[in-house]
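Structure first, then comments.
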Amino acid sequence: MTKESAPGKMGQPARATPRAKPATPTRPARSKTEPPPPPPKRAFAARSLASLLPAVTAPAFRRRSPASVQVFTDWADIMGPAHAAVTTPSKLSAGTLTIACAGPVAMELQHLSSTLIARINTWCGHTLVTRLRFVQDPQAGVRLTPSSRRKSLRPAPSCVVPDMEESPLRAALESLGARILQEKQKR
Numbered sequence: 001m002t003k004e005s006a007p008g009k010m011g012q013p014a015r016a017t018p019r020a021k022p023a024t025p026t027r028p029a030r031s032k033t034e035p036p037p038p039p040p041k042r043a044f045a046a047r048s049l050a051s052l053l054p055a056v057t058a059p060a061f062r063r064r065s066p067a068s069v070q071v072f073t074d075w076a077d078i079m080g081p082a083h084a085a086v087t088t089p090s091k092l093s094a095g096t097l098t099i100a101c102a103g104p105v106a107m108e109l110q111h112l113s114s115t116l117i118a119r120i121n122t123w124c125g126h127t128l129v130t131r132l133r134f135v136q137d138p139q140a141g142v143r144l145t146p147s148s149r150r151k152s153l154r155p156a157p158s159c160v161v162p163d164m165e166e167s168p169l170r171a172a173l174e175s176l177g178a179r180i181l182q183e184k185q186k187r
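Counting from 1, one number per residue, gives the positions in the sequence shown under the UniProt record's numbering.
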């Protein structure tokens, strides 16, 4: 076993020279603008509603929490018919529920505030409201109902289809004609 290398320092055999790495192709320089990200993968399979709801409800819950929405929707059941008719919840923030009500009612509700807080928290199942704040609003509690159709004092115009025997078709045509005449009178 003879080494054919020249001796190194202090009589030690010389180290073998490291092998040169094969030349790797260099990557082209990246452009200053990144290419647009790939489009999201499309799911053609059915997805559960539970997986889709967070994306849909997140914007709504940023504005109002689900607990406050429950208080607002169940307000008539929580307060009872007498108080719900004259009050409206307007805001729930940091444990303070703001209630809009008429001036004289605010004083009565102020005296009942501990009872109302207990009612609201019992309804929700946990401590949601710690304080009530009353704001005067003369329109509070007024429930707007859709306007009913105006009943005209004039009798409805009648339309008679002559030269036709009594049949469901004749009744339908007379009804249609009366409706058309009624619409013309409104204009």
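Here a beta-carbon is modelled for each residue, glycine too, at the ideal position from N, C-alpha and C.
Check, Outcome
"Need the endpoints of the alpha helix (DSSP H) that CYS124 sits in, please.", "113-124"
"What's the C-alpha gap between VAL56 and LEU128?", "24 Å"
"What are the complete alpha helix (DSSP H) segments, minimum 4 residues, inside the segment 77-102?", "81-84"
"With distances taken between CB atoms, is the gap from LEU109 to VAL71 smaller than 9 Å?", "no"
"Along the chain, where does the alpha helix (DSSP H) containing LEU173 start, and where does it finish?", "168-186"
"Counting pairs of Cβ atoms below 8 Å between the segment 116-130 and the segment 163-182, do you hit three or more?", "no"
"In this structure, does DSSP put LEU144 in helix, strand or coil?", "Bear in mind that a pLDDT of 48 at LEU144, under 50, signals an unreliable position, so the number given afterwards is only what the model happens to contain. Correct three-state label for LEU144: coil."
"Using a Cβ-Cβ cutoff of less than 7 Å, which residues in the same chain neighbour SER148 once the five nearest sequence positions on both sides are dropped?", "Residue placement at SER148 cannot be trusted, given a pLDDT of 48 that sits under 50; what the coordinates show is reported in the next sentence. For SER148, where only same-chain residues beyond five positions count, there are no Cβ hits under 7 Å."
"For SER93 and ALA67, I'd like the C-alpha separation in whole angstroms.", "11 Å"
"Got a sec, what are the start and stop residues for the beta strand (DSSP E) VAL135 sits in?", "131-136"
"Looking at C-beta atoms only, is the number of pairs between the segment 39-50 and the segment 73-82 that lie closer than 8 Å three or more?", "no"
"Taking the beta carbon of PRO89 as the centre, do at least 16 other beta carbons fall within 10 Å, making it buried, or is it exposed?", "buried"
"Quick one: what's got a C-beta closer than 7 Å to ARG131's C-beta in the same chain, skipping five residues either side?", "GLY95, THR96"
"If you reduce the DSSP assignment to three classes, tell me which class SER158 lands in.", "coil"
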